[in-house]
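Heads up, the thing below is written out as structure tokens.
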Amino acid sequence: DPKPVAPISRRFWGAAAGADVFLSPSGVWCFSELFFVREPQDVTASRKDAVVLDCQARGEAPITITWLKNGGKVSENERIYTLSNGSLYISEVEGRKGEQSDEGFYQCLALNKYGAILSQKSHLTLASKCQLLFVNLLPSLWLKLLNSAKRLNALMFVCLKR
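Now the structure itself:
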């Protein structure tokens with residue numbers, strides 16, 4: 111009566127660095143055939159910036175990489191596409207509201223004949239642009255405001271997200 115393969119919750123570090131270790135029904139140690147070499151990290155970008163989210167998996171070829179944003183498949187186009195090494199390239203980050211925004215949680219899914227692995231989540235954050243709004247104040251009031259800021263060693267800016 112064969113026993114199912116039981117995953118061991120440890121990682122083996124050495125020749126197969128980062129590969130999960132399994133105990134086969136025969137009691138022989140086996141290594142999974144798919145593991146991440148690089149996973150995506152959190153990134154903050156401004157609108158129109160180019161961004162690369164890393165994803166590199168190793169294992170028996172062929173390996174297919176699919177990118178997810180907020181749990182759904184990323185729709186690739188001329189602006190967003192997967193590079194030959196598996197990383198996701200966004201040529202110009204968009205910051206419109208709703209579905210059009212690139213802001214969100216990204217993961218890469220690597221798949222080969224042995225199974226699939228899902229990377230850690232990375233968050234793409236759109237940087238807020240800060241603006242100093244000048245108000246038509248009398249010079250004496252500006253001087254009072256700036257002297258107060260200097261005395262307190264503080265000045266407050268309000269950042270508005272568009």
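The sequence shown begins at 111 in the numbering used here and counts up by one. Glycine included, each C-beta is placed from N, C-alpha and C at the ideal position. None of these values were measured; they are calculated from a predicted model.
Could you tell me whether the Cβ atoms of residue i and residue j are closer together than 8 Å?
i    : j    : result
I220 : L163 : Residue 220 is actually Ala in this sequence, not Ile. Contact: no.
V92  : K231 : Any property of residue 92 remains undetermined from this structure, which presents the chain solely from 111 to 272.
T154 : W177 : no
I190 : V184 : yes
Buried or exposed for residue i, going by 16 or more other Cβ atoms inside 10 Å?
i    : result
P172 : exposed
K179 : buried
S229 : buried
Y216 : buried
D212 : buried
G128 : For G128, the pLDDT reaches just 45, beneath the cut-off of 50, and the residue's location in the model is therefore unreliable, although a value from the coordinates is still provided. So G128 ends up on the exposed side.
A160 : exposed
G169 : buried
I118 : Low per-residue confidence applies at I118: pLDDT is 42, beneath 50, and the placement is therefore not dependable, though the value from the model is reported in the following sentence. Counting Cβ neighbours within 10 Å, I118 comes out exposed, since fewer than 16 surround it.
Out of the options, point me to the one whose CA is closest to residue i's CA.
i    : options                : result
C218 : A226, A160, S201       : A226
C165 : L236, S156, N195       : N195
R206 : I175, L236, Y224       : L236
S197 : A167, N187, Y224, S238 : A167
F146 : E186, Q210, N222       : N222
E188 : E149, S238, Y199       : Y199
G214 : Y224, L234, S201       : L234
S238 : S156, E149, G182       : S156
Please determine whether the Cβ atom of residue i lies at a distance below 7 Å from any heavy atom of the ligand SAH.
i    : result
S211 : Among the ligands in the structure shown, none appear at all, so the ligand SAH cannot be discussed.
Entirely within the region 176-213 and at least 3 residues each: give me those beta strand (DSSP E) ranges in chain order.
190-192, 198-200
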